[in-house]
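Peer 1:
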Amino acid sequence: MSKTQENLMTAFAGESQANRKYLAFAQVADKEGMTQVAKLFRAAAAAETIHAHAHLRNAGKIGDTAANLKSAIEGETYEFTKMYPEMIKEAQDEGKTAIAKYFDFVNSVEEVHANLYKKALENPAGLPQTDYYICKVCGYTHEGPCDTCPVCGAGTAAFFNSSECCS
4 MSKTQENLMT
14 AFAGESQANR
24 KYLAFAQVAD
34 KEGMTQVAKL
44 FRAAAAAETI
54 HAHAHLRNAG
64 KIGDTAANLK
74 SAIEGETYEF
84 TKMYPEMIKE
94 AQDEGKTAIA
104 KYFDFVNSVE
114 EVHANLYKKA
124 LENPAGLPQT
134 DYYICKVCGY
144 THEGPCDTCP
154 VCGAGTAAFF
164 NSSECCS
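Numbering follows this note's numbering, with no gaps: position 103 of the sequence shown is 106.
#1: What is the rounded straight-line gap between the Cα of serine 170 and the Cα of histidine 56?
#2: Going by DSSP in three states, serine 170 sits in which element: helix, strand or coil?
#3: Leaving aside the five residues before and after serine 236 along the sequence, list all residues of the same chain whose C-beta is less than 8 Å from its C-beta, in chain order.
#4: Could you spell out the range, first to last residue, of the alpha helix (DSSP H) harbouring glutamate 146?
#5: Taking the runs of the beta strand (DSSP E) that are 3 residues or longer, which of them lie wholly in the segment 6–92?
#6: Determine the DSSP secondary structure at threonine 159, reduced to helix, strand or coil.
#7: Note down, in chain order, each residue of its chain lying with its Cβ closer than 7 Å to the Cβ of cysteine 152, except the 5 sequence neighbours on either side.
#8: Does the beta-carbon distance from leucine 11 to alanine 62 come in below 8 Å?
#9: Measure the beta-carbon distance from asparagine 22 to alanine 46 and round it to whole angstroms, keeping in mind my assumption that it falls under 8 Å.
#10: Hey, could you find the ends of the alpha helix (DSSP H) arginine 128 is sitting in?
#11: Per DSSP, isoleucine 137 forms a beta bridge with which residues?
#12: I need the straight-line Cα distance from glycine 98 to phenylalanine 108, nearest angstrom please.
#13: Since tyrosine 120 and leucine 72 are thought to touch, with beta carbons under 8 Å apart, how far apart are those beta carbons, to the nearest angstrom?
#14: Taking Cβ positions, are asparagine 110 and tyrosine 81 nearer each other than 8 Å?
#15: By Cβ distance below 6 Å, which residues in the same chain neighbour glycine 149 in space, the five residues on each side in sequence not counted?
#16: Suppose the cutoff is 6 Å on Cβ atoms and the five residues either side in sequence are ignored; what does the same chain contact list for leucine 59 look like?
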């Protein structure tokens with residue numbers, strides 16, 4: 004990998020993290036009644052997304068839908084087979100049981116994501132027309148509305164429609 008390619012991926016990671024961090028900061032500002040600060044954080048988060056997407060494009064990491072699905076499957080599979088199991092064990096070894104439990108939730112969800120991507124790869128044009136619902140507690144993703152989260156046990160109120168939140 005060239006130094007420029009490495010720099011693009013480092014910049015992509017930094018911009019992606021800044022986006023998520025600023026969105027979390029915006030939620031806090033909203034809760035504290037600082038509406039204008041929340042707007043500023045959201046504006047900066049949107050700009051960071053533009054940067055991240057450009058870095059990813061320039062690095063040649065965005066392909067056609069089939070290639071993107073394969074990349075997503077690879078990433079999610081790594082997370083639930085290697086990354087999170089190691090993190091769960093390390094958190095348990097350090098006595099951080101609450102964090103280990105949360106990592107276990109996330110690990111389960113990453114496997115669900117991989118399976119949803121595999122399903123999409125099998126027939127991308129033939130997926131059922133449905134919305135995806137996400138659990139606010141653990142991130143579990145479900146095709147259509149869900150009564151109870153099978154990962155963390157949260158009820159219907161914990162789910163939101165992904166088409167109403169994200170871009």
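Ideal Cβ placement from N, Cα and C applies to all residues, glycine included. The model shown is predicted, which means the values in this text are computed figures rather than measured ones.
Peer 2: Looking at the coordinates:
#1: Below a pLDDT of 50, predicted positions are generally treated as unreliable, and serine 170, at 49, falls in that range; no measurement from the model is reported.
#2: Bear in mind that the predicted position of serine 170 carries a pLDDT of just 49, short of 50, making it too unreliable to give a figure here.
#3: Lying before the first or after the last residue shown, residue 236 is absent from the chain, which here runs from 4 to 170.
#4: Careful: glutamate 146 lies outside any alpha helix (DSSP H), inside the beta strand (DSSP E) at 144–146.
#5: Entirely contained in the segment 6–92, not one beta strand (DSSP E) run reaches 3 residues.
#6: Here threonine 159 carries a helix assignment [DSSP, helix/strand/coil].
#7: The answer, listed in chain order, is Cys138, Val140, Cys141, Tyr143 and Ala161.
#8: Yes, Cβ-Cβ distance for leucine 11 and alanine 62 is below 8 Å.
#9: Cβ atoms of asparagine 22 and alanine 46 stay farther apart than 8 Å, at about 11 Å.
#10: Correcting the residue identity first, residue 128 is alanine in this sequence and not arginine. Counted as a single uninterrupted DSSP element, the stretch harbouring alanine 128 is not any alpha helix (DSSP H), since DSSP gives it neither H nor E.
#11: Bridge partners of isoleucine 137: Thr144 and Phe163.
#12: For glycine 98 and phenylalanine 108, the distance between alpha carbons rounds to 17 Å.
#13: Their Cβ separation, rounded to whole angstroms, is 5 Å, which keeps tyrosine 120 and leucine 72 in contact under 8 Å.
#14: Taking 8 Å as the cut-off, the Cβ atoms of asparagine 110 and tyrosine 81 do not count as close.
#15: The identity of residue 149 in the sequence shown is cysteine, whereas the question assumes glycine. So the list reads Tyr136 and Phe162, once near-sequence residues are dropped.
#16: If you ignore the 5 residues before and after leucine 59, its C-beta comes within less than 6 Å of the C-beta of Phe15 and Ile65, all in its own chain and listed in chain order.
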